[in-house]
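A.B. asks: Below: one structure in C-alpha cells.
Numbering (mature numbering (1 follows the signal peptide of the UniProt record, and there is no 0)), first residue to last: -20 to -1, 1 to 500.
Dropping the structure here:
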C-alpha cells in the first residue's frame, strides 16, 4: 500500500502457498543467472508481452492510488516528470532541467517540448498545474496531498516552465516527482470521466490503456504519440493477476507469461540452475517491521520494547523464512539507499533482552498481542517471532486479521503491536519523516522524540547529501534504541523472465519498465 503493506504483499514469499515504493545506492549488486545470452544488434519491433503480477490493480488514477500494485501499470502508462536510474538517482525526463533558488524554497521546472498525451492533447505547464491543483484540493481526498503539503504557490510563466514555491526547503521534492505525484494525467480525460477516470487513464507514457477486466487481465498497447520516437518496441502488454505465487512462477515456467513480478524465495536457488529462464535479484527499498504502540501498556515502557529488539534473531528468521535472501534490518534505510549504514544495529542477545526486562520491572517477562495479516506467510513469520520471544519469557499472542482491519487498527492506535511492511521510496526523507516525527502521518506507534524531530527536519531542509546522511545516521540510532519499530528484514526485488524477453532490467523499486523491452 502507499502507506504500509501487509507482509503478504511486502515481498516474495515464505511458503509454497502464499506471497509474503536519489542518490547513488550503497549496495547495488545485481545477482543474475543466465543473462548473458547473445543480444541482437537491433531490437525487434512488435509482439505481445504477457506479464504475471501478484494481485490485481485497484485504480489506474495515480492521483487516487494507494496500492503498490497500481504502480506497475502507472510506470508504463505515465511518464513521470523525473525518472529514476537503476541506482535510484533522479534524472531528467518530462522535466528536462530545473533550478533551486531562494534557499531551497523555489523550484523552477523546465518541461520537454513536443510531448502529447495519449489522447492527442498537449502536455504543458498548465496540465501539470491542473493535476496538482486537483490533488491539493482537500475535497478530492487525494493521497498525493501529503506530497504537495509544502507547496504554497504554483505559476506558469510560459507553457513549458513551472515555478513551485514551498513554505520551507524540502530536499526530497525532486524524488517525489519520480512517483505518482509526477505522473500527470490528461486534464481533458480527467474532466471527461470524472470519478470514473481511474478506469480510463490517459498519460504521456510509452503504452496507452486499452482494456481492464478486473481479476482477469489488463491490456496496454503501444502509444504511437510517444515522444521517444523509437520506443516502445512492443505492440502490446497483457497483465494477468495470479495471486498464488507458486502458480505465478509455474505460469512463467510453462510459458503462460513471459515475465513475473516476484519469485518465491524457496525457488530462487533452483532458478539459478535453470538455463531456460532468466532472473535478477537486487537490493530493494522496502522492509518488514513490527510497530510497537508507545502509548499502550506494556509497550509504552522503552525497556520492554528494547527487550523485544534484542530477543529476535534476525539471521535465523532470514534463513527460515526468506531462505537467506533478505538482509537483517535495523533502520528504515535499506541497502539500496544512500542513507544505509550497516554499522547501525543491535546485537541478538538473550542476555541483553533479560537485562532490559529487569530494568522494566518485568524480570520474568510480560505479554502482549501482535496483529498481522491473516495469510499463511505472515502467520508463519508471527509464529517464528513468537518462538524467539518465548525464550526470554515474553509471551506474544498472535491475532491474524484481514488487511483492512490491520491497517485501520494501526492508524487508529487500536493495537499493542502489529506486523507490517513498507515498500520504500528512493529518498530517505520519504522513509522516515512521516514515520518518526511527532504527529507524523505514518507514525502509527505514536512515537515522539524532540531530538529526532529536529534531526529529521534538518535532514529534509539540508541541500548536501553528506550533511543529510549525518542527520539520518544520528536519528536512526536514536529510533533504533527507543524501538518504536522493530525492523526485521530488508526484502530484495527478485523478478524472472523467459529467454525470449530482451531489454528488461530489474530496479530496486520493483517497478517493471517496458519501454525498452522487446521480445523474440
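We put the beta carbon where it would ideally sit given N, CA and C, even for glycine. It should be emphasised that the depicted structure is a prediction, and the values quoted were computed from it without experimental measurement.
Of all the options 78, 139, 130, 117, which has the alpha carbon lying nearest to the alpha carbon of residue 108?
C.D. replies: When each option's Cα is compared against that of residue 108, the closest is 139.
A.B. asks: Spatial neighbours of residue 207 within its chain, please: CB distance less than 6 Å, with the 5 preceding and 5 following residues excluded, ordered by chain position.
C.D. replies: For residue 207, where only same-chain residues beyond five positions count, the Cβ hits under 6 Å are 95.
A.B. asks: For a minimum of 3 consecutive residues, which ranges assigned as the beta strand (DSSP E) are wholly contained in the region 384 to 469?
C.D. replies: Here the runs fully enclosed are 397 to 402.
A.B. asks: Under a three-way DSSP split, which group does residue 153 fall into?
C.D. replies: Three-state result, residue 153: helix.
A.B. asks: With distances taken between CB atoms, is the gap from residue 290 to residue 330 smaller than 9 Å?
C.D. replies: For residue 290 and residue 330, yes; Cβs fall inside 9 Å.
A.B. asks: Measuring alpha carbon to alpha carbon, tell me which of 444, 203, 379, 297 ends up nearest residue 83.
C.D. replies: Cα-wise, what sits closest to residue 83 is 444.
A.B. asks: CB residue 476 to CB residue 160, shorter than 9 Å?
C.D. replies: Taking 9 Å as the Cβ cut-off, residue 476 and residue 160 do not qualify as a contacting pair.
A.B. asks: Quick check: residue 189 and residue 279, are their CB atoms within less than 9 Å of each other?
C.D. replies: Contact: no.
A.B. asks: Does DSSP put residue 16 in a helix, in a strand, or in coil?
C.D. replies: For residue 16, the predicted structure reports a pLDDT of 37, less than 50, and the residue's modelled location is therefore unreliable. The matter cannot be settled from this model.
A.B. asks: Under a Cβ-count criterion, where at least 16 other Cβ atoms within 10 Å of its own Cβ denotes burial, should residue 447 be classed as buried or exposed?
C.D. replies: Its Cβ having fewer than 16 others within 10 Å, residue 447 is exposed.
A.B. asks: Helix, strand or coil: how does DSSP classify residue 193 here?
C.D. replies: Reduced to three states, the DSSP call for residue 193 is strand.
A.B. asks: Could you pull out every unbroken beta strand (DSSP E) segment of at least 3 residues lying fully inside the region 164 to 252, listed in chain order?
C.D. replies: Entirely contained in the region 164 to 252, the beta strand (DSSP E) runs reaching 3 residues are, in chain order, 187 to 193, 197 to 202, 216 to 221.
A.B. asks: Flag this pair as touching only if the region 461 to 468 and the region 424 to 435 have three or more C-beta atom pairs under 8 Å; answer yes or no.
C.D. replies: The region 461 to 468 vs the region 424 to 435: in contact.
A.B. asks: Taking the CB atoms as reference points, tell me whether residue 261 and residue 248 lie closer together than 9 Å.
C.D. replies: Cβ atoms of residue 261 and residue 248: closer than 9 Å.
A.B. asks: Along the chain, where does the alpha helix (DSSP H) that runs through residue 30 open and close?
C.D. replies: From DSSP, residue 30 is part of no alpha helix (DSSP H) but of the beta strand (DSSP E) over 28 to 33.
A.B. asks: Taking only three categories from DSSP, how would you classify residue 146?
C.D. replies: Strand at residue 146.
A.B. asks: Please list the segments of the beta strand (DSSP E) lying wholly inside the region 331 to 362, counting only runs of 3 or more residues, in order along the chain.
C.D. replies: Qualifying beta strand (DSSP E) stretches, in chain order: 347 to 353.
A.B. asks: For residue 456, collect the residues of the same chain with a Cβ closer than 6 Å to its Cβ; drop the 5 residues on either side in sequence, then sort them by chain order.
C.D. replies: Once the five neighbours on either side are set aside, the close Cβ partners of residue 456 are 311, 324.
A.B. asks: What's the C-alpha gap between residue 408 and residue 449?
C.D. replies: If I take the Cα positions, the gap works out to 9 Å.
A.B. asks: Going straight from the alpha carbon of residue 486 to that of residue 394, what length do you get?
C.D. replies: Distance between the alpha carbons of residue 486 and residue 394: 38 Å.
A.B. asks: Could you spell out the range, first to last residue, of the alpha helix (DSSP H) harbouring residue 114?
C.D. replies: Segment 105 to 116, the alpha helix (DSSP H) holding residue 114.
A.B. asks: So, with DSSP's three-state summary, where would you put residue 377?
C.D. replies: Of the three classes helix, strand and coil, the one that applies to residue 377 here is strand, per DSSP.
A.B. asks: Are there three or more Cβ pairs, one per stretch, closer than 8 Å when the region 177 to 197 is compared with the region 30 to 42?
C.D. replies: They touch, by the three-pair rule.
A.B. asks: Count the other C-beta atoms from every protein chain shown that fall within 10 angstroms of the C-beta of residue 32, then say buried if there are 16 or more, exposed otherwise.
C.D. replies: Residue 32 comes out buried.
A.B. asks: Straight-line CA distance for residue 123 to residue 112?
C.D. replies: Each residue's Cα considered, the two are about 12 Å apart.
A.B. asks: Straight-line CA distance for residue 308 to residue 333?
C.D. replies: Roughly 18 Å separates the two Cα atoms.
A.B. asks: Which stretch, first to last residue, makes up the alpha helix (DSSP H) that contains residue 285?
C.D. replies: From DSSP, the alpha helix (DSSP H) with residue 285 extends over 282 to 291.
A.B. asks: Helix, strand or coil, according to DSSP, for residue 301 in the structure here?
C.D. replies: The answer is helix: DSSP assigns residue 301 an H, G or I state.
A.B. asks: For residue 327, which option in 202, 461, 439 has the closest C-alpha, if you only look at C-alpha atoms?
C.D. replies: Checked all of 202, 461, 439; the closest Cα to residue 327 is 461.
A.B. asks: Leaving out the 5 sequence neighbours to the left and right, which residues in its chain are closer than 7 Å to residue 149 when beta-carbon positions are compared?
C.D. replies: 83, 84, 85, 441, listed in sequence order.
A.B. asks: Looking at residue 146: is its Cβ nearer than 9 Å to the Cβ of residue 132?
C.D. replies: The answer is yes: Cβ separation under 9 Å.
A.B. asks: Label residue -5 either buried or exposed according to how many other C-beta atoms from any shown protein chain fall within 10 Å of its C-beta, with 16 as the threshold for buried.
C.D. replies: The predicted position of residue -5 is uncertain, since its pLDDT is 30 and thus under 50; a value taken from the coordinates is nonetheless stated next. Exposed.
A.B. asks: Beta-carbon within less than 8 Å of residue 300's beta-carbon, same chain only, minus the 5 sequence neighbours each way: which residues are those?
C.D. replies: Correct list, in chain order: 364.
A.B. asks: Spatial neighbours of residue 136 within its chain, please: C-beta separation below 7 Å, excluding the five flanking residues on both sides.
C.D. replies: Taken in chain order, the residues that qualify are 105, 106, 109, 142.
A.B. asks: Using beta-carbon positions only, say whether residue 435 and residue 390 come within less than 9 Å of one another.
C.D. replies: No, these two residues do not count as a Cβ contact at 9 Å.
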